[in-house]
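Using this note's numbering, the first residue of the sequence shown is number 13, and each one after it goes up by one.
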Amino acid sequence: MSNLAQNSSFNDKLMFENVQIIFGIYLIPIICIPGLICNILCIIVFITHTMQRLLTTQFLLYLTISDTIKLSNDLLYSFVLIIQIFDQQLGKKLFLILYRYCHYINTVSTLSTAWLTLIVAIERYILCTTNSQRRIRIQKNSRLICNLIIFVSLLVALPVSFRYEIVPISSNDTTTSSESIQLTHFGSSRSFRLYSIVIDLIRAIFPSLLLFYLNTRIIYLLVRMKSSTGTAFSRLTLSLIVIIGCFICSYFPDALLSLVLDMGYINETYRRRTIREITDFCVTLNSATNFAIYFSISYTFRRAVFRLFQRQSRKTYYPTTYEDLIHRHQYQARSLCKHGTPL
Numbered sequence: 013m014s015n016l017a018q019n020s021s022f023n024d025k026l027m028f029e030n031v032q033i034i035f036g037i038y039l040i041p042i043i044c045i046p047g048l049i050c051n052i053l054c055i056i057v058f059i060t061h062t063m064q065r066l067l068t069t070q071f072l073l074y075l076t077i078s079d080t081i082k083l084s085n086d087l088l089y090s091f092v093l094i095i096q097i098f099d100q101q102l103g104k105k106l107f108l109i110l111y112r113y114c115h116y117i118n119t120v121s122t123l124s125t126a127w128l129t130l131i132v133a134i135e136r137y138i139l140c141t142t143n144s145q146r147r148i149r150i151q152k153n154s155r156l157i158c159n160l161i162i163f164v165s166l167l168v169a170l171p172v173s174f175r176y177e178i179v180p181i182s183s184n185d186t187t188t189s190s191e192s193i194q195l196t197h198f199g200s201s202r203s204f205r206l207y208s209i210v211i212d213l214i215r216a217i218f219p220s221l222l223l224f225y226l227n228t229r230i231i232y233l234l235v236r237m238k239s240s241t242g243t244a245f246s247r248l249t250l251s252l253i254v255i256i257g258c259f260i261c262s263y264f265p266d267a268l269l270s271l272v273l274d275m276g277y278i279n280e281t282y283r284r285r286t287i288r289e290i291t292d293f294c295v296t297l298n299s300a301t302n303f304a305i306y307f308s309i310s311y312t313f314r315r316a317v318f319r320l321f322q323r324q325s326r327k328t329y330y331p332t333t334y335e336d337l338i339h340r341h342q343y344q345a346r347s348l349c350k351h352g353t354p355l
């Protein structure tokens, strides 16, 4: 039985290392680098005048910022894995230094993304059912709501930063010292387990259930709004429906595994860590796909992107200040006096 257990453990470790190479070294950079570029482009588009007049823009702007932080955090994880290939000691040292902070940032970004997505769904549902005065009230308070979500996420996720600690590993060789990351006393306590359950519930379980209900209601209302079919409102609503659906499909399994199976990462079996690599990649993929959804469905967003590039590529021939205008007229007058006025 012991040999069978050792062989099973060795196979699980081999599978984990292969999955980590495929997802961590190859797929995550392939997804994160274009995703970061597209999200930065989204942020630029959302702060333009064309998109600012839309009620949902403020929520989508903060949602894109949260996704950008998530992608940057995951890309840093891939860089550490790549460094470990060339310099194992340096890569391990960077992993020990960064893991606790990256774990906290990841929790904050996923919390923010979950509740910003939920707020987007609630706002879109209200827009489909209420009058214009309620819409104006939502637009005025949108920035306050977004800032409140970010602030609460930073506070709620704070205990995560105390889950792990770096401890020295004792060895017979006194000339070399090694360290390892382990759960703290608080991280292995029942209190943190209860806290982890609450985090998983408010991070994805409750938001996913509410989003599923709101999504079905929005689809029902959108079908009934026959007069708005094909308009910018319906197309933007359709893109938000797709985004909400992607969120449910990517976040719900990850949170369910953490909630039911208590699947973390450090001090877990290699089989569970393998599953965690795959579910974490689904969350990363969700953060990188919003631009493609906006661009393919929303005509208003697509037009704003085209205008942005046209504005960058167009050469300016006319002055933009009053002094430049006077200089231009003086130059034209001197040219007419020199060459004569054409008949």
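C-beta atoms are modelled at their ideal positions from N, C-alpha and C, and glycine is treated no differently.
- Note on Glu-135: 16 or more other CB atoms within 10 angstroms of its CB, so buried under the neighbour-count rule.
- Per the DSSP secondary-structure output, Glu-177 pairs in a beta bridge with Gln-194.
- CA-CA distance, Thr-228 to Leu-72, rounds to 20 Å.
- The region 35 to 42 makes contact with the region 82 to 94; the number of CB pairs closer than 8 Å reaches 3 or more.
- DSSP places Tyr-113 inside the alpha helix (DSSP H), whose first and last residues are 100 to 141.
- DSSP places Gly-199 in the coil class of the three-state scheme, outside both helix and strand.
- Residues Lys-82, Thr-122, Ser-262, Tyr-263 and Asp-266 of the same chain have their beta carbon placed closer than 8 Å to that of Val-295, with the five preceding and five following residues left out of the count.
- In this structure, the CA atom of Leu-233 is about 7 Å from the CA atom of Cys-140.
- Comparing C-alpha distances from Ile-217 to each of Ile-55, Trp-127 and Leu-166 shows the shortest one belongs to Trp-127.
- For Leu-156 and Val-120, the gap between their C-alpha atoms comes out near 18 Å.
- Contact check for Tyr-207 against Gln-194 fails: the beta carbons are separated by 8 Å or more.
- The three-state reading of DSSP puts Thr-76 in helix, counting H, G and I together.
- Annotated three-state conformation of Thr-286 is helix, per DSSP.
- Collapsing the DSSP output to three states places Ser-246 in a helix.
- The beta-carbon separation of Asp-212 and Leu-170, rounded to 16 Å, does not stay under the 8 Å limit for a contact.
- Non-local beta-carbon contacts of Thr-60 in its own chain, meaning distances under 7 Å to residues more than five positions away in sequence, involve Ala-316 and Leu-320 in chain order.
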